[in-house]
Amino acid sequence: MSAAPVICFGQQPCGFFPRRFLFAKIQTARRLQSEIGGEIVFFYHDSDHDPRETRTTLRHRKTGEPFQFNFAFDNQVQRKFSPLYLKRVRADWRAKTELQLPAYVDRHWVEAFQQASAPTVGEFCLEMYRRMGLLEGIRVARS
Numbered sequence: 219m220s221a222a223p224v225i226c227f228g229q230q231p232c233g234f235f236p237r238r239f240l241f242a243k244i245q246t247a248r249r250l251q252s253e254i255g256g257e258i259v260f261f262y263h264d265s266d267h268d269p270r271e272t273r274t275t276l277r278h279r280k281t282g283e284p285f286q287f288n289f290a291f292d293n294q295v296q297r298k299f300s301p302l303y304l305k306r307v308r309a310d311w312r313a314k315t316e317l318q319l320p321a322y323v324d325r326h327w328v329e330a331f332q333q334a335s336a337p338t339v340g341e342f343c344l345e346m347y348r349r350m351g352l353l354e355g356i357r358v359a360r361s
């Protein structure tokens with residue numbers, strides 16, 4: 219009796235629109251799954267505290283200039299020391315960011331951003347990845 223293969227990879231949140239390396243990990247896992255079968259498990263490491271890891275760099279659609287977005291937090295202690303699964307996003311952050319996004323991404327992704335409503339950084343990133351369809355058919359294990 220042979221068990222089906224399990225394809226595992228891990229990553230901490232890397233912005234509300236993921237960086238290329240996370241996308242590449244997901245694509246590689248899907249390619250491997252198509253070749254050998256089995257289940258894909260994504261270990262979502264949201265216990266880190268470093269706010270630099272959640273920066274999202276997007277390029278302006280007309281000028282091509284990069285711009286970094288990041289979450290706004292209720293206070294400095296939380297920003298510096300709380301793990302991502304506990305960092306609460308400031309209430310006005312979504313509305314301010316939402317106004318800027320059309321210059322950087324298609325309307326479809328702005329709508330996905332508008333629909334995401336998670337209160338913490340870890341949950342918000344995970345919800346965005348799901349809304350983008352990146353985690354379809356992938357089991358997520360929080361770690």
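Heads up: the sequence shown begins at 219 in the working numbering, then just goes up one per residue. In this text, a Cβ means the ideal position worked out from N, Cα and C, and glycines have one as well. What you are looking at is a predicted structure, and each value in this text was computed from that prediction instead of being measured.
Can you round the beta-carbon distance between residue i and residue j to whole angstroms, since I take them to be within the 8 Å contact cut?
| i | j | result |
| --- | --- | --- |
| Phe176 | Met346 | Because residue 176 is not part of the residues shown, which for the chain are 219 to 361, the question remains open. |
| Val307 | Ala334 | The pair is not a contact, with the Cβ atoms about 10 Å apart (cut-off 8 Å). |
| Leu352 | Ile258 | Contact doesn't hold; Cβ gap of about 11 Å is too wide. |
| Arg360 | Asp268 | Actually they are not in contact, since the Cβ atoms of Arg360 and Asp268 sit about 17 Å apart, beyond 8 Å. |
| Gly256 | Ala222 | 5 Å |
| Leu304 | Thr338 | 6 Å |
Give the DSSP bridge partners of residue i, in chain order.
| i | result |
| --- | --- |
| Ile225 | Ile258 |
| Arg360 | Tyr262 |
Would you decide whether residue i is buried or exposed? Buried here means 16 or more other CB atoms lie within 10 Å of its CB.
| i | result |
| --- | --- |
| Ile225 | buried |
| Glu183 | Because residue 183 is not part of the residues shown, which for the chain are 219 to 361, the question remains open. |
| Asp295 | The sequence given here has Val at residue 295, not Asp. Val295 comes out exposed. |
| Pro231 | buried |
| Gly340 | buried |
| Ala242 | exposed |
Could you confirm whether any beta carbon from chain B is found closer than 8 Å to the beta carbon of residue i?
| i | result |
| --- | --- |
| Arg349 | Absence of chain B from the displayed structure is noted, only one protein chain being present. |
Start-end ranges of the beta strand (DSSP E) lying completely within the stretch 288 to 344, minimum 3 residues:
none
Let me know the alpha helix (DSSP H) ranges lying completely inside the stretch 228 to 290, each 4 residues or longer, listed in chain order.
238 to 254
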